[in-house]
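Numbering (the numbering used here), first residue to last: 12 to 391.
In structure tokens, the structure reads:
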């Protein structure tokens, strides 16, 4: 079983899909590991470390993936990467297929079995494979650090001989994994923290971390969660009521961090231009959903934008990649745990159980066709 780790090709991707630790474990499973030269540099892992762990270092992407049974990546393979992949190989990555149906068709035509790690079901058995949680946790932490760096004042209250410095007020919008970590980090830095989410179960989580919950708690709010634990799309009436409450609250905040995402849809717009204009000069908005269109109406992907009234809107791309070493370590373990479930321990070969719930939930393409139900043609 040959396992390949090519270098990522997207310009802003600093993560890598394996570490020396996971290389050793794959070799222990009977795999031959091949890592492209330079694949780990942006994550602080030199080729020598991969080689010391037992990997072969290949000079090019083509040499890396040649005849590989498993290809581990952070992002889905681009069109230029597909010709070198062996038909029947398993390609495991964050595939981001929604809105990229053409790219998905290209992957299917390459004849590989493509697995989307972000579709991993949120069940106990799969917790160690949950890339969304491992990466969102880091994004929530980094969002607070980035917000504090852009905010030109201290975070905690300070009692000094020259006077009292008030604590910064931080508002977290969206209380998933990223939002909860943002709350915890902001609290550790001494800020006064409030948070909001449309899912009623999050209220207790917010309050358990020492923050105050802000939401319109009507009947629709009490039913605003899917069986899988994700947020539902809310009605226009609820959005209007929530927006009015949030608008009043935002005007008094120093830092706003938005994290709200709905799987398969553009990010909901939570912070309007009028809300931004109501904020004080020097305030900061960190939009973690900017790659999906942004929660803030004025956010610009990949930019730190300063508005006319002096509000700084942070739209960093690939926020987990801003902690590349840590993000790679966690992501590589997520991949390893998943691949291990598909390895036949006796033959030391990849032998997926196509009926396994983890395989069925994540498998996008197989044998030249798109097989995931979310991407099959709709019946006429």
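Beta carbons: idealized from backbone N, C-alpha and C, even for Gly.
Closest by CA to residue i, which one among the options?
i	options	result
residue 66	228, 25, 227, 13	13
residue 185	156, 174, 177, 226	226
residue 385	109, 97, 352	109
residue 230	172, 182, 70, 249	249
residue 166	149, 202, 158, 141	202
residue 372	363, 316, 383	383
residue 367	168, 212, 359, 349	349
residue 130	387, 374, 380	374
residue 75	64, 38, 17, 29	17
residue 363	141, 43, 101	101
residue 283	313, 251, 312, 142	251
residue 221	365, 212, 228, 199	199
residue 255	275, 285, 234	285
residue 369	223, 128, 15, 46	128
residue 97	379, 134, 321, 58	379
residue 91	388, 164, 19, 275	19
residue 71	15, 57, 332, 321	15
residue 195	172, 387, 139, 152	152
residue 281	57, 275, 245	245
residue 388	38, 112, 58, 43	112
Taking Cβ to Cβ, would you say residue i is nearer than 7 Å to residue j?
i	j	result
residue 346	residue 115	no
residue 265	residue 180	yes
residue 279	residue 271	yes
residue 297	residue 268	yes
residue 157	residue 325	yes
residue 27	residue 51	yes
residue 351	residue 328	no
residue 64	residue 36	no
residue 25	residue 69	no
residue 126	residue 105	no
residue 149	residue 299	no
residue 204	residue 197	yes
residue 124	residue 377	yes
residue 343	residue 30	yes
residue 317	residue 323	yes
residue 289	residue 262	yes
residue 73	residue 89	no
residue 174	residue 183	no
residue 99	residue 336	no
residue 61	residue 45	no
Helix, strand or coil for residue i, going by three-state DSSP, please let me know.
i	result
residue 223	strand
residue 38	helix
residue 355	strand
residue 340	helix
residue 330	helix
residue 170	strand
residue 22	coil
residue 311	coil
residue 392	Any property of residue 392 remains undetermined from this structure, which presents the chain solely from 12 to 391.
residue 216	helix
residue 127	strand
residue 93	helix
residue 230	helix
residue 259	helix
residue 210	coil
residue 33	helix
residue 199	helix
residue 149	helix
residue 56	coil
residue 272	coil
residue 47	strand
residue 347	helix
residue 184	strand
residue 63	helix
Report the CB separation of residue i from residue j in whole angstroms; it is logged as a contact under 8 Å.
i	j	result
residue 86	residue 32	Actually they do not touch by this definition, with Cβ atoms about 21 Å apart.
residue 193	residue 154	5 Å
residue 218	residue 315	Contact doesn't hold; Cβ gap of about 32 Å is too wide.
residue 177	residue 168	6 Å
residue 40	residue 354	5 Å
residue 361	residue 81	6 Å
residue 257	residue 232	13 Å between Cβ atoms; not a contact.
residue 304	residue 23	About 17 Å separates the two Cβ atoms, so there is no contact after all.
Determine whether the Cβ of residue i lies closer than 7 Å to any Cβ atom of chain C.
i	result
residue 287	Among the chains of the structure shown, chain C does not appear; only one protein chain is present.
With contact counted as at least three CB pairs below 8 Å, one residue from each stretch, are the region 116–125 and the region 291–308 in contact?
no
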